[in-house]
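Position 31 of the sequence shown, counted from 1, bears residue number 46 in my numbering, the numbering being contiguous throughout.
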Amino acid sequence: MTDSAVEPLTADLVTPPGAAQIAAFLAARLCHDFISPVSAIVSGLDLLDDPDAQDMREDAMGLIAASGRKLAEMLSFTRVAFGASSSAEVFDPRELEALAQGVFAHQRAQLEWIVETDSLDKVSARAVLNLAQMAGAALPLGGVAKLRAVKDGTSTVILVESTGQKPRLRPEVIAGLRGEPLPDGALHGHWVQAYYVHLFVSEAGGKIVAEVGEEKVTFAATLPGATAD
Numbered sequence: 016m017t018d019s020a021v022e023p024l025t026a027d028l029v030t031p032p033g034a035a036q037i038a039a040f041l042a043a044r045l046c047h048d049f050i051s052p053v054s055a056i057v058s059g060l061d062l063l064d065d066p067d068a069q070d071m072r073e074d075a076m077g078l079i080a081a082s083g084r085k086l087a088e089m090l091s092f093t094r095v096a097f098g099a100s101s102s103a104e105v106f107d108p109r110e111l112e113a114l115a116q117g118v119f120a121h122q123r124a125q126l127e128w129i130v131e132t133d134s135l136d137k138v139s140a141r142a143v144l145n146l147a148q149m150a151g152a153a154l155p156l157g158g159v160a161k162l163r164a165v166k167d168g169t170s171t172v173i174l175v176e177s178t179g180q181k182p183r184l185r186p187e188v189i190a191g192l193r194g195e196p197l198p199d200g201a202l203h204g205h206w207v208q209a210y211y212v213h214l215f216v217s218e219a220g221g222k223i224v225a226e227v228g229e230e231k232v233t234f235a236a237t238l239p240g241a242t243a244d
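Written as structure tokens, this is what we have:
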């Protein structure tokens, strides 16, 4: 491993961003995620309306259907990973796996899901989904993201290993997981997710660590017993 371990920083070492700025960055991140399938759906509809492109009607319908499924999967994932989802405080790991696999269906990496518990509280559910997505993003050339989650007494322990060709973790992701402000010139879309994870893990009394190696990126988190929002 390199020295890119991510340890939680004490609050007095950094000036935290304002809540309005975090909300704006999160909104921009989600809009960026949704705009691609939405634009594809619009393109498909435009083809259907074009009298000179009727020979492409079947292709247009296929584009609309595939993009609609992608958008629905991303929205379902986002409701739990970034939002309150519902009044539910406990989640079935099988349902969470379906959400995560829906996102990985549109990435080069594959997800191996090993959750050895019958249920996860809301904070742990958010953690496994966000770490799974970040682990997939760390494998731009493909590979396998192996996610494990187990109960250790009343705590939940999560370990995610991204193994593949040239895995990487952007500097802004490392900064976000440390609870540091957005670095100058960095992309806020990558930073804000990591910072969001840092926020809810820290507020729950948990810890998160990340390490970067030549062939593997590792995320690890420990969360105490169930907490309510």
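Cβ coordinates follow ideal geometry from the N, Cα and C atoms, glycine included.
Taking 9 Å as the cut-off, the beta carbon of L197 is found no closer than this to the beta carbon of R185.
Under DSSP, D136 shares a beta bridge with V105.
I223 and L135 have their C-alpha atoms roughly 17 Å apart.
Annotation: the continuous beta strand (DSSP E) that includes R163 extends over 158 to 167. For the 9 Å CB-CB criterion, I173 and A164 form a contact.
In this structure, DSSP gives K181 a state outside helix and strand, which the three-state scheme calls coil. At a Cβ-Cβ threshold of 9 Å, V118 and R183 do not count as neighbours. The alpha-carbon separation between F234 and A35 amounts to approximately 28 Å.
The closest CA to that of G59, considering only S82, R44, Q148, is found on S82. Nearest neighbour of E127 by Cα position, chosen from E110, M71, L162, R72, turns out to be L162.
Secondary structure note for Q36: its alpha helix (DSSP H) is the uninterrupted segment 34 to 64. Taken through DSSP and simplified to helix, strand or coil, F234 comes out as strand. Here Q125 carries a strand assignment [DSSP, helix/strand/coil]. Scanning its chain for C-beta atoms nearer than 6 Å, with the 5 sequence neighbours on each side dropped, one finds around V207 the residues F40, L41, R44, in chain order. Note on geometry: alpha-carbon atoms of T169 and A120 lie some 33 Å from one another. Here the alpha carbon of A55 sits roughly 20 Å from the alpha carbon of F92.
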